[in-house]
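> Chains A and B are the protein sequences, given in the same order. Residue 222, in the working numbering, is where the first sequence stops; the numbers in between run on with no holes. Residue 1222, in the working numbering, is where the second sequence stops; the numbers in between run on with no holes. Beta carbons: idealized from backbone N, C-alpha and C, even for Gly.
Protein chains: 2
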Amino acid sequence: MAVKRSEELMKQLEQEIITGKLVPGEKLDEKTLTERFNVSRTPVREALHKLGSIGLVEILPRRGAAVRKVGLKELIEMFEVMAELEGLCGSLAAQRMSDEELKQLRLCHLDAVPCVKAGEFDAYYDVNVRFHECIYRGSHNNFLAEQTKNLRNRVAPYRRIQLRTPNRLQTSFAEHEAILESIEKRDAATTSELLKAHVTVQQGSFNNFISSLPMDLLNDNS
Amino acid sequence: MAVKRSEELMKQLEQEIITGKLVPGEKLDEKTLTERFNVSRTPVREALHKLGSIGLVEILPRRGAAVRKVGLKELIEMFEVMAELEGLCGSLAAQRMSDEELKQLRLCHLDAVPCVKAGEFDAYYDVNVRFHECIYRGSHNNFLAEQTKNLRNRVAPYRRIQLRTPNRLQTSFAEHEAILESIEKRDAATTSELLKAHVTVQQGSFNNFISSLPMDLLNDNS
DNA sequence: TTTAATAATATTGTATACAAGATTTTTTAA
DNA sequence: TTAAAAAATCTTGTATACAATATTATTAAA
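Structural data, given as structure tokens:
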């Protein structure tokens, strides 16, 4: 028992929520989880409460836990914040990334080429995450990097769908190219703007994203 | 037992950390807390873990919990993010606040006058918090408002000291006046810049803040 | 048959018990 | 007297037991 059971459990559940194996709204009752993971209720509860305060799980007092359903209003709000944080990451990365880090970023970008060519959505999704996390780290602000990653994870259950819309792969890849170039030019302001637009809410593509969301993943109060 | 004991406890401890009654580094062992609040270890642990994932408490596996000590590097990083979020709040508030909300904000600003005149640091601190939270709400982005408030709380244990430096009260008040005016003018860009500067790290006053921090509140690894 | 009230069941919140890993104290040897 | 090893103590992590609240099922009345 070197590592805590509750910690393992929490990571496992977190991953399943982020990747969409557990869908928003799905009930997470303690009994089922104790049986599934062969542990007592104590570590299960600990894990659920932790996920609760991260915002991935909703805890209804005396009524159990469920994968958090985010309302449309809140989802838009989250993207608004996300855009700003990604923009800041980009701005700082343009100013602070080392040449070595820049090389890594370009390599990562190149990894996406075969996925785009073959139209492999899931593979591209993963490369995309790596590309962005590279920029987060490039900000040389670890706290910012963590915050941005957390927020990205929180919207992840709703985002995976976004890339599946036609042409979105090509568009995303082209935007990455532009972002990469502006970082290489050390142009902080442009990088920030490009990243905001890349993530953002104002773009026409966001409306497509909104309308493509399955209604049952969303909370009603919005 | 209408409301959960663990919830009460968590709020109480959170407040004591934010207000500085519990100082960074202070050990929070379960036994002491169970005796103090007359509850069993279960709700105590739940509260501590929740505070852990908010970032106010550090949980060392099998070695107990303590009020989180933030390193100097991390503190600067947090202010960097804080400035950006406050700036975004301001920008959105300038665009979205209703006339009624604006009136509230000005009233709040006026509440600070007697505190500044009398040099009442603690009273000003509270009005200051209200002023900023008014702007958070004015962004009409509830998620952003919460995130910003959380971050403000996280740095709060280190911030209360900041206002005690000479002239800081007057300077802060004057900056608030400028911020208020630019919101009234609906000038989003200026409001954002003013707020960033108000919070920020780049200003000369921040260096004074840094040097005035008691070393024992800070983590060593920085 | 439908609805309302009550009883039975299930699930969550808290307390306590036990197990395993840290910490401290004591003992022993250099 | 100091340092290292071993034992005792303390603290945390997990399991289980009990209490309180929700949910579901059953029964009775309209």
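Would you list the one or two residues that DSSP bridges to Val1067 (chain B)?
The residue given as residue 1067 (chain B) occupies position 67 in the second sequence. Note: Val1067 (chain B) sits in a beta bridge opposite B:Val1057.
> Taking only beta-carbon atoms, is Ser1053 (chain B) less than 8 Å away from chain A?
Mapped onto the second sequence, residue 1053 (chain B) falls at position 53. Judged by the 8 Å Cβ criterion, Ser1053 (chain B) is in contact with chain A.
> With Val1070 (chain B) and Pro1024 (chain B) assumed to form a contact (beta carbons below 8 Å), what rounded beta-carbon distance in angstroms separates them?
The residue given as residue 1070 (chain B) occupies position 70 in the second sequence. The residue given as residue 1024 (chain B) occupies position 24 in the second sequence. Contact holds; Cβ gap of about 7 Å.
> Can you check the stretch 1029 to 1053 of chain B for any alpha helix (DSSP H) of at least 4 residues that lies completely inside it and give the ranges in chain order?
1030 to 1037
> For Leu1027 (chain B), write down the residues that DSSP places opposite it in a beta bridge.
Within the second sequence, residue 1027 (chain B) is the residue found at index 27, counting from 1. Residue 1027 (chain B) is actually Lys in this sequence, not Leu. B:Ala1066, per the DSSP bridge assignment.
> Check for me: the alpha helix (DSSP H) holding Ser139 (chain A) runs from which residue to which?
As a working mapping, residue 139 (chain A) is identified with position 139 in the first sequence. It is not in any alpha helix (DSSP H) - Ser139 (chain A) carries neither H nor E in the DSSP assignment.
> Sort out for me which residues DSSP pairs Asn1219 (chain B) with in a bridge.
Taking the second sequence and counting its residues from 1, one reaches residue 1219 (chain B) at position 219. DSSP output for Asn1219 (chain B) lists B:Gly1071 as bridge partner(s).
> Examine the Cβ distances between the stretch 1062 to 1082 of chain B and the stretch 1149 to 1168 of chain B and report whether three or more of them are shorter than 8 Å.
yes
> Any C-beta of chain B sitting closer than 8 Å to the C-beta of Asn81 (chain A)?
Here residue 81 (chain A) refers to the residue found at position 81 of the first sequence. Residue identity differs from the one stated: residue 81 (chain A) is Val in this sequence, not Asn. Cβ-Cβ to chain B under 8 Å: yes for Val81 (chain A).
> Roughly how many angstroms lie between the CA atoms of Gln12 (chain A) and Glu84 (chain A), to the nearest whole one?
To locate residue 12 (chain A), count along the first sequence from 1; it is residue 12. To locate residue 84 (chain A), count along the first sequence from 1; it is residue 84. Roughly 29 Å separates the two Cα atoms.
> Taking Glu1074 (chain B) as the query, report the chain A residues whose CB atoms sit under 9 Å from its CB, ordered along the chain.
As a working note, residue 1074 (chain B) is residue 74 in the second sequence. Correct list: Asn142, Phe143.
> Examine the ligand ADP and report whether any of its heavy atoms sits within less than 7 Å of the Cβ of Asp99 (chain A).
With respect to small molecules bound, the structure shown includes none, and the ligand ADP cannot be examined in it.
> Note down, in chain order, each residue of its chain lying with its Cβ closer than 6 Å to the Cβ of Ser222 (chain A), except the 5 sequence neighbours on either side.
Counting from one through the first sequence, the residue named residue 222 (chain A) turns up at place 222. Per-residue confidence for Ser222 (chain A) stands at a pLDDT of 48, beneath the threshold of 50, marking its modelled position as unreliable; no derived number is given.
> Could you give the DSSP three-state label for Val1129 (chain B): helix, strand or coil?
In the second sequence, the residue the question calls residue 1129 (chain B) occupies position 129. It is helical.
> Less than 8 Å between the C-beta atoms of Lys50 (chain A) and Pro1061 (chain B), yes or no?
As a working mapping, residue 50 (chain A) is identified with position 50 in the first sequence. As a working mapping, residue 1061 (chain B) is identified with position 61 in the second sequence. The answer is no: Cβ separation not under 8 Å.
> For Ser222 (chain A) and chain B, any beta-carbon pair shorter than 8 Å?
Here residue 222 (chain A) refers to the residue found at position 222 of the first sequence. Reliability of the predicted coordinates at Ser222 (chain A) is poor, the pLDDT of 48 falling under 50, and no value is obtained from them.
> Quick one: is Pro1157 (chain B) near chain A, going by C-beta distance under 8 Å?
Locating residue 1157 (chain B) in the second sequence gives position 157, counting from the first residue. It does not; no Cβ of chain A falls within 8 Å.
> Flag His49 (chain A) as yes if its beta-carbon sits less than 8 Å from any beta-carbon of chain B, otherwise no.
Translated into the one-based positions of the first sequence, residue 49 (chain A) becomes position 49. Yes, His49 (chain A) lies at the interface with chain B (some Cβ there is under 8 Å from its Cβ).
> Would Leu1144 (chain B) and Leu1088 (chain B) qualify as a contact pair, given that the criterion is a beta-carbon distance under 8 Å?
Translated into the one-based positions of the second sequence, residue 1144 (chain B) becomes position 144. Translated into the one-based positions of the second sequence, residue 1088 (chain B) becomes position 88. Yes, they are a contact pair.
> For a cutoff of 8 Å on Cβ pairs, would you count Met1078 (chain B) as touching chain A?
Residue mapping note: residue 1078 (chain B) aligns to position 78 of the second sequence, counting from 1. Yes - at least one Cβ of chain A is within 8 Å of the one on Met1078 (chain B).
> May I have the straight-line CA-CA distance separating Phe1131 (chain B) from Ala188 (chain A), to the nearest angstrom?
As a position in the second sequence, residue 1131 (chain B) is number 131, starting the count at 1. As a position in the first sequence, residue 188 (chain A) is number 188, starting the count at 1. Using only the alpha carbons, I get a separation of about 31 Å.
> Does DSSP classify Lys185 (chain A) as helix, strand or coil?
Here the question's residue 185 (chain A) lines up with position 185 in the first sequence. In the structure shown, Lys185 (chain A) sits in coil (DSSP, three-state: anything other than H, G, I, E or B).
> What residues from chain A crowd round Leu1194 (chain B), counting only those whose CB sits closer than 7 Å?
Start at 1 with the first residue of the second sequence, and residue 1194 (chain B) comes out as number 194. Neighbours of Leu1194 (chain B) on chain A: none; closest Cβ ~17 Å, over 7 Å.
> Can you tell me the Cα-Cα spacing of Met97 (chain A) and Val1116 (chain B), whole angstroms?
By one-based count along the first sequence, residue 97 (chain A) stands at place 97. By one-based count along the second sequence, residue 1116 (chain B) stands at place 116. Between Met97 (chain A) and Val1116 (chain B), the C-alpha separation is close to 43 Å.
> Could you give the C-beta distance for Leu1105 (chain B) and Leu1180 (chain B), rounded to a whole number, given that I count them as a contact under 8 Å?
Numbered from 1 along the second sequence, position 105 holds the residue referred to as residue 1105 (chain B). Numbered from 1 along the second sequence, position 180 holds the residue referred to as residue 1180 (chain B). Contact flag correct, Cβ pair sits at about 6 Å.
> With 7 Å as the limit, tell me which residues of the stretch 1007 to 1039 of chain B have their beta carbon closer than that to any beta carbon of chain A; keep them in chain order.
Of all residues in the stretch 1007 to 1039 of chain B, none has a Cβ within less than 7 Å of some Cβ in chain A.
> Under 8 Å between C-beta atoms, does Lys69 (chain A) make it to chain B?
Numbered from 1 along the first sequence, position 69 holds the residue referred to as residue 69 (chain A). Not an interface residue.
> Can you find a C-beta in chain A that's less than 8 Å from the C-beta of Leu1088 (chain B)?
Reading the second sequence from its first residue, position 88 is the one you call residue 1088 (chain B). Answer yes: the Cβ-Cβ gap between Leu1088 (chain B) and chain A drops below 8 Å somewhere.
> Cβ of Gln147 (chain A) less than 8 Å from any chain B Cβ?
Taking the first residue of the first sequence as position 1, residue 147 (chain A) is located at position 147. With 8 Å as the cut-off, Gln147 (chain A) counts as an interface residue toward chain B.
> Quick check on this structure: which residue in A:Arg159, A:Leu217, A:Leu110 has the alpha carbon closest to the alpha carbon of Phe206 (chain A)?
What you label residue 206 (chain A) is simply residue 206 of the first sequence in a count that begins at 1. Ranking the options by Cα distance to Phe206 (chain A), first place goes to A:Arg159.
> Does the separation of the CB atoms of Leu1022 (chain B) and Glu1016 (chain B) fall below 8 Å?
Here the question's residue 1022 (chain B) lines up with position 22 in the second sequence. Here the question's residue 1016 (chain B) lines up with position 16 in the second sequence. The answer is yes: Cβ separation under 8 Å.
> Answer yes or no: does any C-beta atom of chain A fall closer than 8 Å to that of Glu1084 (chain B)?
Along the second sequence, read from residue 1 onward, the residue named residue 1084 (chain B) stands at position 84. With 8 Å as the cut-off, Glu1084 (chain B) counts as an interface residue toward chain A.
> Measure the alpha-carbon distance for Val1067 (chain B) versus Ile1059 (chain B) and round it to whole angstroms.
For the purposes of this step, residue 1067 (chain B) is taken as the residue at position 67 of the second sequence. For the purposes of this step, residue 1059 (chain B) is taken as the residue at position 59 of the second sequence. The alpha-carbon atoms of Val1067 (chain B) and Ile1059 (chain B) are separated by roughly 9 Å.
> Is Glu1030 (chain B) closer than 8 Å to Val1044 (chain B) when the C-beta atoms are compared?
Walking along the second sequence from the start, residue 1044 (chain B) turns up at place 44. Walking along the second sequence from the start, residue 1030 (chain B) turns up at place 30. Result yes, Cβ atoms of Val1044 (chain B) and Glu1030 (chain B) sit closer than 8 Å.
> Taking the alpha-carbon positions, what's the Ile1018 (chain B) to Thr1191 (chain B) distance?
For this step, residue 1018 (chain B) is matched to residue 18 along the second sequence. For this step, residue 1191 (chain B) is matched to residue 191 along the second sequence. Each residue's alpha carbon lies about 27 Å from the other.
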